[in-house]
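In full-length UniProt numbering, the protein residues as written are 1 to 972. Just so you know, even glycine gets a beta-carbon here, dropped at the ideal spot from N, CA and C. To keep things clear, I will list the structure first and then write my remarks on it.
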């Protein structure tokens, strides 16, 4: 409220309010006086007339009564009169109104007021039962009151106008100086210099004006001082601009140095991980070889401990490499179609042995609204889910682990996927949850000792999920289990509804599963497949029954056989353990064993095969993303067979299906293309058999000519060759005909990184094999592509570490190189041949690579393993390598003399490929290092290693001369 308004209220409103109250009080008092006077007059007149009227009434003097009544009627306010005796009206003058008609005989005089009507009742004392009623009109009183109110309002109006004029005048005199001050302050606020205020005002306003004028002067001085400071600061700023520019340059240089230091750190971590992998791979390989020999139980236990230590070390190396890549921002995510159902089933299948050892129930629940195919990075999704499931198994001693996949939000082709892994393990406290996703941190310090691990897994998972645009969290209660969950924004072009794998047309199926969640999942799946669940196996066409693994033991298998033979339907036995390694369990025909967790496709194929009455042996579908992992296959016992054959694999659209069972007896034709004779002959020896015919080609041009003449079932293609390389040859072959466009062409190379692997697959290759070939991988590839595996193989025991090594070794940077054997072995030969490979004797050696003293130059056992268990072939391959080294030496010398890096890389690569198949671990490791260093550092980077290479080559040539082995020859 403004000052002017408050002044008006004080000078006008308050006096008017007081005056109004005074007038109201006066009017009230005046009205009361009038009423009292009128009441007194009426009472007096009635007292005077009543005795006279009573006397006349007692004498029956009507005229006297009439005369007395007329005197009362002469009073102005009396409107009517009635004389009543013994309830009989004696006299009535005028007409009584409503209130006067209902009056009873009073004991004494009584006056009642009814707004404008008063009624006065007076008894006539001289006559019994007689009384007088007067109807009095009080309107005159109201008229007099209204007249007084009008006069009071006029007085208030006049006084109000006078007070308003006075207040307005005083307000202007008081507020005008304040308005001038406000206008002046506005000018000061906008930066203008106002004039001084006049001081011809009352004392208080004059004092205020002086203070405002002082403020104006102070503002002017402050403005001048500020201008001087600005000029001074400007001059200082101009002087410091050059210094700031120099500092910016230094800061930019420091930033570049920091970036380079971070790059060097990441490269160092990657190099160290690869350096550790290289000897670790040798340890793992020799452990596998040692595992085939005859060992007593105590020695085998020691060997298992070594293998587990290698697994832990390899896991640590992989985590450190992934963490360094994420920190450096060099991790590139793929965007390819992913079948999430198959991916989760694959993860649980690989983690199943650990869970089965602890008796845990593993289960995946893929909700119906999850699309059949999403777009994402399958390798990283698998890594995240594997880490969470592995942690759940690690920290859970009893109970269950359930993986749930559901759609949290969906809009058109974009949706938010929620994946959770819940367990019934030890749980986490609130403080442990807050620090859980930090690098190198675990819930408690004792967990790393009790459960193992580095604390990197969850940190890597969190960074991967955040890089994908999602979030990760945990809900946990100490001692009551945990639920890790993460969300990912993804896209999908496939239908939102997954098509059922089977249509069972109300086939009756009996389900016996004590684990509640697994039972509910089975019932829901069967409902989707249009099956009818019955309560008894005698009513069913198929029975699904979960049993303990102990029931398959020799002492109890008889009871199981008897129970199954009493049924009229085949039975699929579900066990929470690995498939039994028993030639034949002697189960009734049609019955088989499945290992939990059940893959959806595996169960579908098993149910379909059992209902069809065939011995169907399902397997997991081959993963759509590299690297291919072995399928988990149910064991189907056969009383007449000694081993259960492998199940036919599932095929995606990018693969060529294998021959049907009816045509598997036909001979498959393979084309092997490699410019190294040793490699060609070894591949021929490994692959050729009764079911396969092999043709060899020495170059891409020759392979293209052969492909124009014949359609082969599969091509094994070397990548780096003279003339047309493997990629050019593959693309040319693909264009020959539509049939060739669908034939599997497999890249076989000794040096491939992850980005190179992707490039090979995008260029038209169907898969990639890395030299030296693992016979197990080659056998699996042949089974998947041609329907038959190697006839004579000595597969090494399954080693997830080795598989992981093959995968992660391809992810290393180009700057990563393996360890290099030192020059301690064969120093004399190095001195003798040092100059042959362009290495001056005075040039310093690369002592940083002095590793591998324990690697032998010749290892016949290793060569035998690489040759598929054939020692004679291994010796011939080694002799062929020794015979070719002289030509290789001349090619290297020529390339060094001409400074031709490309020619040198061709020679080193060819030698690397040849060493991959021979038992020359020292030279193989050295050549691998040379090729990696040549790709990353050029010719100058490999010169320090050339004397060591010459030593290793000399040792191989000496062995070839001493052994007298004949080099391997064969048709080209």
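As assigned by DSSP and simplified to three states, the class of residue i
i	result
residue 118	strand
residue 492	coil
residue 676	coil
residue 376	strand
residue 190	coil
residue 721	coil
residue 895	helix
residue 28	helix
residue 913	helix
residue 712	coil
residue 420	strand
residue 113	strand
residue 920	coil
residue 53	helix
residue 228	helix
residue 878	helix
residue 828	Only weak support exists for where residue 828 lies, its pLDDT of 40 falling under 50; the value from the coordinates is given anyway. It is helical.
residue 137	strand
residue 415	strand
residue 953	helix
residue 79	strand
residue 3	helix
residue 370	coil
Residues that DSSP places opposite residue i in a beta bridge
i	result
residue 767	746
residue 532	508
residue 245	Its beta-bridge partners do not exist; DSSP assigns none.
residue 131	84, 123
residue 546	574
residue 671	695, 715
residue 975	Since the first residue shown for the chain is 1 and the last is 972, residue 975 is missing from the structure and cannot be characterised.
residue 401	362, 423
residue 89	84
Top-ranked residue by Cα proximity to residue i, from the options
i	options	result
residue 404	716, 881, 363, 944	363
residue 169	538, 962, 11, 36	11
residue 747	149, 860, 766	766
residue 205	593, 174, 896	174
residue 166	15, 685, 252	15
residue 859	889, 922, 928, 320	922
residue 88	101, 52, 786, 130	130
residue 365	740, 161, 598, 428	598
residue 771	892, 689, 786, 682	682
residue 925	711, 326, 908, 214	908
residue 359	245, 81, 396, 305	396
residue 86	69, 521, 513, 57	57
residue 610	569, 462, 127, 344	569
residue 220	123, 188, 47, 710	188
residue 378	301, 334, 890, 78	334
residue 46	64, 34, 132, 231	132
residue 24	5, 93, 150, 43	150
residue 90	63, 98, 763, 607	63
residue 176	22, 485, 870, 4	4
residue 475	687, 428, 739	428
residue 866	339, 224, 773	773
Anticipated Cβ contact below 8 Å, residue i with residue j, distance rounded
i	j	result
residue 737	residue 695	Contact doesn't hold; Cβ gap of about 18 Å is too wide.
residue 392	residue 425	7 Å
residue 574	residue 526	Actually they do not touch by this definition, with Cβ atoms about 14 Å apart.
residue 863	residue 879	No, residue 863 and residue 879 are not in contact; Cβ-Cβ is about 11 Å, not under 8 Å.
residue 314	residue 280	6 Å
residue 588	residue 402	At roughly 33 Å, the Cβ-Cβ gap does not stay under 8 Å, so residue 588 and residue 402 are not in contact.
residue 357	residue 576	In fact, because the Cβ distance is near 10 Å, the residues do not count as touching under 8 Å.
residue 470	residue 489	7 Å
residue 939	residue 893	That belief does not hold up - the Cβ atoms of residue 939 and residue 893 are roughly 13 Å apart, past 8 Å.
residue 674	residue 718	4 Å
residue 111	residue 39	6 Å
Q: Write down every uninterrupted run of the beta strand (DSSP E) in the segment 296-363 whose length is 3 residues or greater and which is fully enclosed by it, in chain order.
A: 336-338
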